[in-house]
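Enquirer:
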Amino acid sequence: MTIVYEDQGEQGTEVPVRRIKFTINGQKMIAEVEPRLLLSHLIRRGLGLTGTHMGCDTTNCGACTVLVDGRPVKSCTMLAVQADGHEISTVEGLATASELHPLQEGFKEEHGLQCGFCTPGMMMAAKALLDANPEPSEEDVRWALSGNLCRCTGYQNIVKSVLWAAAKLRAGGSESGEA
Amino acid sequence: MYPSRFRYEAPRSLAEAISLLHDGGDYAKVLAGGQSLVPLMKLRFASPDLVVDINNVPGLDYHRADPDGTLRIGALCRHADLERSDLLKTTQPTMASAAPLIADPIVRNRGTLVGSLCHADPQGDWASVVLALGGSVVARGPRGMRAIPMAGFVTGPFQNVLDPDEIAVEAVIPAAQGTRSGGYLKLERRVGDFATVGVAVALEMTGETVTRAGLALTGVGGSTIGVTEAAEALTGQPLTADRIARAADLAAQAARPRTDHRGSAEYKRHMVRTFVARLLSRTDAAAERAA
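Top line first, the protein sequences correspond to chains R and H. Mapping of the first sequence onto this note's numbering: residues 144 to 322, in sequence order. Mapping of the second sequence onto this note's numbering: residues 12 to 302, in sequence order.
1) Could you tell me if G135 of chain H is buried or exposed, where buried requires 16 or more neighbouring beta carbons within 10 angstroms of its beta carbon?
2) Under 9 Å between beta-carbons, which chain R residues line up against Q188 of chain H? List them in chain order, please.
3) Could you check which residue in R:E242, R:Q225, R:M197 has the C-alpha nearest to that of A43 of chain H?
4) Quick one: any contact between the segment 172-191 of chain H and the segment 203-220 of chain H, if contact means 3 or more CB pairs under 8 Å?
5) Determine the contact status of E177 of chain H and A86 of chain H, defining contact as a CB-CB distance below 8 Å.
6) Determine the direct distance from the alpha carbon of V49 of chain H to that of G259 of chain R, and round the result to whole angstroms.
7) State yes or no: is the C-beta of G236 of chain R within less than 8 Å of the C-beta of D274 of chain R?
8) In or out: L54 of chain H buried (at least 16 other Cβ within 10 Å) or exposed?
9) Between R280 of chain H and A258 of chain H, is the Cβ-Cβ spacing less than 8 Å?
10) Would you kindly check if the distance between the Cβ of S232 of chain R and the Cβ of L324 of chain R is under 8 Å?
11) Could you check where the alpha helix (DSSP H) with Q264 of chain H kicks off and where it finishes?
12) Along the alpha helix (DSSP H) that carries H281 of chain H, what are the first and last residues, could you check?
13) In its own chain, which residues sit with a C-beta less than 8 Å from the C-beta of R303 of chain H, not counting the 5 before and 5 after it?
14) Using a Cβ cut-off of 8 Å, pull out every chain H residue sitting near R161 of chain R, in sequence order please.
15) Which stretch, first to last residue, makes up the beta strand (DSSP E) that contains T246 of chain H?
16) Give the residues from the segment 30-52 of chain H that approach chain A closer than 7 Å (Cβ to any Cβ), ordered along the chain.
17) Which residues in the same chain as Y298 of chain R place their Cβ atom closer than 6 Å to its Cβ, once the five residues preceding and following it in sequence are excluded?
18) My assumption, with CB atoms under 8 Å, is that Q46 of chain H sits in contact with T195 of chain R. Please give the rounded CB distance.
19) Under the assumption that G152 of chain H contacts D174 of chain H (Cβ atoms under 8 Å), give the Cβ distance between them as a whole number of angstroms.
20) Report yes if the C-beta distance between V125 of chain H and A179 of chain H is below 8 Å; otherwise report no.
21) Would you mind working out which of H:T220, H:D204, H:A262, H:G203 sits nearest G232 of chain H, comparing C-alpha positions?
22) If we cut at 8 Å on Cβ distances, does P14 of chain H have a partner in chain R?
23) What is the rounded straight-line gap between the Cα of L144 of chain H and the Cα of A310 of chain R?
24) What residues in the segment 285-309 of chain R bring their beta carbon closer than 9 Å to a beta carbon of chain H?
25) Anyone know if the C-beta pair for R16 of chain H and R162 of chain R falls short of 8 Å?
26) Quick check on DSSP: helix, strand or coil for A309 of chain R?
27) At 3 residues or longer, and completely inside the segment 52-138 of chain H: list those beta strand (DSSP E) runs for me, N to C.
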């Protein structure tokens with residue numbers, strides 16, 4: 144995998160590269176990455192999985208949230224080399240070809256998005272919550288999503304969407320996808 | 012944004028990590044949770060030549076109590092581990108109340124307590140908590156191990172006493188002399204912001220008598236402030252409303268807040284007084300009975 148950088152005239156022409164092995168949405172991968180490459184860059188530019196959004200790029204907004212070994216992480220604040228040996232799940236892993244994940248259905252049913260920019264991060268943070276706690280209270284949902292910002296001020300419906308998904312999963316709604 | 016170019020090493024033992032740092036040249040950094048270091052590198056406030064990632068070093072992700080009650084927190088113990096810890100909930104009220112207030116839930120999955128202490132941000136919450144509890148940092152280097160009391164660990168904003176080839180391997184909280192009480196209160200504009208005001212109170216009591224007290228302040232000065240005057244005013248006697256008010260006044264006097272976008276100096280000083288009084292009243296058995 145090749146990732147092209149803008150040449151900023153930095154010192155040192157020798158580019159250190161490391162080979163890493165990791166799993167993304169259930170698929171095993173090998174990549175050659177420069178250590179300074181961020182996980183978010185690897186996902187978006189290297190793998191072409193642009194569902195993971197880059198918002199603030201400063202560890203604030205949570206739009207770039209992915210799961211690393213099941214735990215939500217801001218992918219702009221982790222080096223791609225650190226994914227070596229780990230399992231990454233992105234929003235693309237939620238749905239199957241034929242079926243949306245209950246979280247995606249919930250966001251659709253409850254109008255959990257306006258512009259949609261924060262949505263992938265919200266869904267991945269919510270996924271980790273529901274995996275750990277299938278019956279969250281509204282307070283639990285707000286707490287779990289407190290590291291994700293929505294600038295359309297859509298929190299009300301985002302919380303409803305997650306609760307909708309939780310109810311559907313409890314009622315035996317299929318958890319499709321590999322994430 | 013991405014960091015400037017660096018050499019990356021991911022050793023599988025502490026000995027290897029220390030030797031990498033020892034031979035590592037002028038500017039090497041240890042990477043644990045990376046929730047402060049990676050943003051600093053992206054903003055190019057930090058441009059290390061060598062990054063030694065210790066995440067593959069086994070056996071550093073613990074937090075556990077020795078038989079005598081001494082608490083040890085390893086360099087790879089994440090904030091989230093501490094937030095979920097039953098051990099802290101039952102034995103460390105000040106730490107248990109601080110853990111859910113560190114950064115935000117996603118950052119807490121990666122960030123570490125020991126890394127936060129080393130980062131030495133004047134606004135860091137854990138530094139106040141560990142200072143109030145009389146804790147220390149254990150460092151390992153080519154010349155062996157040493158324990159550094161938290162009170163002498165930080166030398167300035169973002170600076171600590173570690174040698175370039177030393178790694179902070181754990182934080183240590185000494186065993187309580189009596190029953191612990193206390194807490195951490197943080198005023199923040201929103202989740203994930205730095206503290207407008209943070210106050211850590213750690214009390215140890217035998218019966219009605221305070222056997223040890225520790226108070227520390229976050230965000231109201233150029234560094235973490237340990238309020239030893241207030242601690243001394245509380246020690247060796249029962250907690251009373253008068254003594255609580257006196258300690259709150261002493262803490263407010265020790266604060267050195269500055270007016271900024273988070274609030275006026277006057278407001279912050281007032282909040283220090285309020286938080287100290289609130290935390291001490293919470294632990295005041297007499298007040299609880301009366302309530």
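Where is the CB? At the ideal position from N, CA and C, for every residue including glycine.
Expert: According to the data block:
1) Classification of G135 of chain H: buried, given that the 10 Å Cβ count is 16 or more.
2) What Q188 of chain H touches in chain R: nothing, since even the nearest Cβ is about 35 Å away.
3) Just measuring C-alpha positions, the residue of R:E242, R:Q225, R:M197 sitting nearest A43 of chain H is R:Q225.
4) Enough Cβ pairs lie closer than 8 Å, so yes.
5) Cβ distance not < 8 Å, so E177 of chain H and A86 of chain H don't count as in contact.
6) Approximately 27 Å, taken between the alpha carbons.
7) Contact flag unset, no.
8) Under the 10 Å beta carbon count, L54 of chain H is surrounded by fewer than 16 other beta carbons and is classified as exposed.
9) With respect to the 8 Å criterion, R280 of chain H and A258 of chain H are not classified as neighbours on the basis of their beta carbons.
10) In the structure displayed, chain R extends from 144 to 322; residue 324 of chain R sits before or after that span and is not available.
11) That run of the alpha helix (DSSP H) goes 252-265.
12) Per DSSP, H281 of chain H is one residue of the alpha helix (DSSP H) stretching across 276-293.
13) Because residue 303 of chain H is not part of the residues shown, which for chain H are 12 to 302, the question remains open.
14) For R161 of chain R, the residues of chain H that pass the 8 Å Cβ criterion are Y19, in the order they occur in the chain.
15) From DSSP, T246 of chain H is part of no beta strand (DSSP E); its letter is neither H nor E.
16) Of the protein chains in this structure, namely R and H, none is chain A.
17) No residues qualify anywhere along the chain.
18) About 18 Å separates the two Cβ atoms, so there is no contact after all.
19) Between D174 of chain H and G152 of chain H the Cβ distance is about 6 Å, and since that is below 8 Å, they are a contact.
20) It is a contact, given that the beta carbons lie within the stated cut-off.
21) G232 of chain H has its Cα closest to that of H:A262, out of H:T220, H:D204, H:A262, H:G203.
22) Yes - at least one Cβ of chain R is within 8 Å of the one on P14 of chain H.
23) Going by the C-alpha atoms only, they are around 43 Å apart.
24) Per Cβ criterion, the list reads W286, A287, L288, S289, G290, N291, L292.
25) In this structure, R162 of chain R does not lie closer than 8 Å to R16 of chain H by Cβ.
26) Of the three classes helix, strand and coil, the one that applies to A309 of chain R here is helix, per DSSP.
27) Complete beta strand (DSSP E) runs here, min 3: 61-64, 74-76, 82-85.
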